[in-house]
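Report on one structure; see the data block that follows.
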Amino acid sequence: GFPGWGIYCASKFAVAGFTESLAAEVKSFGISATVVYPGYFRTNFLLEGSLNLAHSPIDAYVEARQMEAVHQTEIPGNQPGDPDKAAKALIEVSEKEEKPIHLFLGSDALGMAENQLRSIGEELRKYEAVSRSTDF
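Position one of the sequence shown corresponds to residue 25 (the working numbering), numbered consecutively onward.
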């Protein structure tokens with residue numbers, strides 16, 4: 025997640041959970057479901073007018089304001105992802121016999137996922153004893 029983007033991130037997590045369950049529910053019918061995690065692609069998504077930001081921002085949320093500023097001033101026009109290549113990748117994956125449940129598009133999305141998995145792995149190891157201590 026990113027500071028100031030909680031609602032956006034929560035909705036993405038909800039879609040991922042829904043897709044995981046849907047994939048399990050329809051697998052026996054030969055149907056697949058894939059959640060796509062796109063990185064930053066050069067689209068109008070971050071252009072002025074496409075984002076609804078706080079009308080009365082709270083100055084104490086420094087990290088949130090900084091992240092908003094980055095998304096408004098530094099990222100637009102500098103996104104590494106090519107939308108045409110993303111479309112081709114989606115078509116390519118859709119034509120495969122075996123489709124992924126999770127598909128990360130863009131080197132930035134892949135890097136964020138790898139960092140998240142590494143962080144979760146570290147927490148699993150750090151708190152393994154606590155986790156196991158709750159069993160009968």
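Heads up, the beta-carbon is just placed ideally off N, CA and C, and yes, glycines get one too.
All values reported here derive from a predicted model rather than from experimental measurement.
query = If you draw a straight line from the alpha carbon of residue 56 to that of residue 83, how long is it in whole angstroms?
reply = Here residue 56 refers to the residue found at position 32 when the sequence shown is read from its first residue. Here residue 83 refers to the residue found at position 59 when the sequence shown is read from its first residue. Spanning the two alpha carbons is a distance of roughly 45 Å.
ask   = In chain order, what residues of the same chain lie with their CB nearer than 6 Å to the CB of residue 95, ignoring the 5 residues before and after it?
value = Numbered from its first residue, the sequence shown carries residue 95 at position 71. Correct list, in chain order: 70.
task = Kindly examine the ligand HEM and report whether one of its heavy atoms sits closer than 7 Å to the Cβ of residue 122.
result = In terms of ligand content, the structure shown is empty, and the ligand HEM therefore cannot be addressed.
key: DSSP bridge partner residues for residue 126 (one or two, in chain order)   = Working through the sequence shown from its first residue, we reach residue 126 at position 102. Paired residues: 59.
ask   = Can you find a CB in chain C that lies within less than 8 Å of the CB of residue 105?
value = Absent from the structure: chain C. Only one protein chain is present.
key: Enclosing alpha helix (DSSP H) for residue 87 [first to last residue]   = Position 63 of the sequence shown holds residue 87. Its alpha helix (DSSP H) spans residues 86–93.
key: Buried versus exposed, by CB contacts within 10 Å (16 or more), residue 65   = As a position in the sequence shown, residue 65 is number 41, starting the count at 1. Its Cβ being crowded by 16 or more others within 10 Å, residue 65 is buried.
request  = Would you mind working out which of 72, 109, 111 and 119 sits nearest residue 99, comparing C-alpha positions?
outcome  = On the sequence shown, residue 99 is found 75 positions in, with the first residue counted as 1. Among 72, 109, 111 and 119, the Cα nearest to that of residue 99 is on 72.
query = So residue 31 is in the alpha helix (DSSP H); what residue range does that whole segment cover?
reply = Reading the sequence shown from its first residue, position 7 is the one you call residue 31. In the DSSP assignment, residue 31 falls within the unbroken alpha helix (DSSP H) covering 30–50.
inquiry  = I'd like to check one pair, residue 60 with residue 127: are the Cβ atoms closer than 8 Å?
reply    = Counting from one through the sequence shown, the residue named residue 127 turns up at place 103. Counting from one through the sequence shown, the residue named residue 60 turns up at place 36. Cβ atoms of residue 127 and residue 60: closer than 8 Å.
query = Quick one: any contact between the stretch 100–113 and the stretch 40–47, if contact means 3 or more CB pairs under 8 Å?
reply = Cβ pair count under 8 Å is below three, so no.
key: Whole-number beta carbon distance between residue 135 and residue 62, since they are thought to touch under 8 Å   = The sequence position of residue 62 within the sequence shown is 38, counting from 1. The sequence position of residue 135 within the sequence shown is 111, counting from 1. In fact, because the Cβ distance is near 13 Å, the residues do not count as touching under 8 Å.
ask   = How is residue 145 classed by DSSP in three states: helix, strand or coil?
value = For the purposes of this step, residue 145 is taken as the residue at position 121 of the sequence shown. In the three-state reduction of the DSSP assignment, residue 145 falls in the helix class.
message = Using only the alpha-carbon positions, how far apart do residue 103 and residue 32 sit?
response = Position 79 of the sequence shown, counting from 1, holds the residue named residue 103. Position 8 of the sequence shown, counting from 1, holds the residue named residue 32. Between residue 103 and residue 32, the C-alpha separation is close to 18 Å.
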